[in-house]
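Read through the structure below, which is laid out as structure tokens, and then see the notes.
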Amino acid sequence: MALRQTGWPGLRSRLFHLYFLLRRPMTLGVRGLIHDRGSNSVFLIRHTYVPGWQLPGGGVETGETLVEALARELAEEGNIALIAPPVLRSMHFNSRSSKRDHVGLYLIEAFSQTAPKLPDHEIAEAAFFPLDNLPEATTPATLRRIAEIFHGEKPSPYW
Numbered sequence: 001m002a003l004r005q006t007g008w009p010g011l012r013s014r015l016f017h018l019y020f021l022l023r024r025p026m027t028l029g030v031r032g033l034i035h036d037r038g039s040n041s042v043f044l045i046r047h048t049y050v051p052g053w054q055l056p057g058g059g060v061e062t063g064e065t066l067v068e069a070l071a072r073e074l075a076e077e078g079n080i081a082l083i084a085p086p087v088l089r090s091m092h093f094n095s096r097s098s099k100r101d102h103v104g105l106y107l108i109e110a111f112s113q114t115a116p117k118l119p120d121h122e123i124a125e126a127a128f129f130p131l132d133n134l135p136e137a138t139t140p141a142t143l144r145r146i147a148e149i150f151h152g153e154k155p156s157p158y159w
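Note that UniProt numbering gives residue 145 to position 145 of the sequence shown, counting from 1, and the numbers run on in steps of one.
Structural data, given as structure tokens:
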């Protein structure tokens, strides 16, 4: 009897989790606001497949932590390595991607860049820009995140 009491609820719980995963999958992403204090500049990228300059980042893969995903994305999109733990500044609901997408925003001020990022199939351009001279095509969400961190704007729950 004890086996049925502990076995069936555990199996039932796993089946419900599987059902909700298939029925209502949630996605999770990370973005990094890389700030070079010396030049008071931020690192932005421009993808080949979407318009505008934005913060580097991407999806968290199965088995990855948020910081592991961030480190992978920064290496892929900017040849940037973390040299100290990044600071999680805010979490945002990204309804433009899906009804269940969330993005963690990290501030990175301790990093190294092995070489400038050259264009490839995913990244059209990548560069540091002074905070007072951002590219005209910087996305609205990127501008909001910069204002929240550097100008004291209240963080929005939405990306």
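The beta-carbon is built from N, C-alpha and C at its ideal position, and this holds for glycine as well.
None of these values were measured; they are calculated from a predicted model.
Using a 10 angstroms sphere on the CB of R100, the tally of other CB atoms stays under 16, which defines it as exposed. Excluding the 5 residues flanking it on each side, R144 has same chain C-beta neighbours closer than 8 Å at E153 and S156, in chain order. Closest in alpha carbon position to P56, among I83, R96, E125 and H151, is E125. In this structure, the CA atom of N40 is about 19 Å from the CA atom of L105. In this structure G63 is exposed. Its beta-carbon is surrounded by fewer than 16 other beta-carbon atoms within 10 angstroms.
Within the UniProt domain "Nudix hydrolase" (25–152), the beta strand (DSSP E) runs of at least 3 residues that lie entirely inside it are, in chain order, 27–36, 41–47, 57–59, 80–82, 87–93, 101–108, 111–113 and 123–130.
Approximately 5 Å separates the beta-carbon atoms of F128 and F43; this is inside 8 Å, confirming the contact. Between the C-alpha atoms of P116 and I80 there is a straight-line separation of about 9 Å. Only residues of its own chain outside the window of five on either side were considered, and among them H35 and R37 have a CB closer than 7 Å to the CB of E109, listed in chain order.
Just measuring C-alpha positions, the residue of T142, E136, I45 and E148 sitting nearest E76 is I45.
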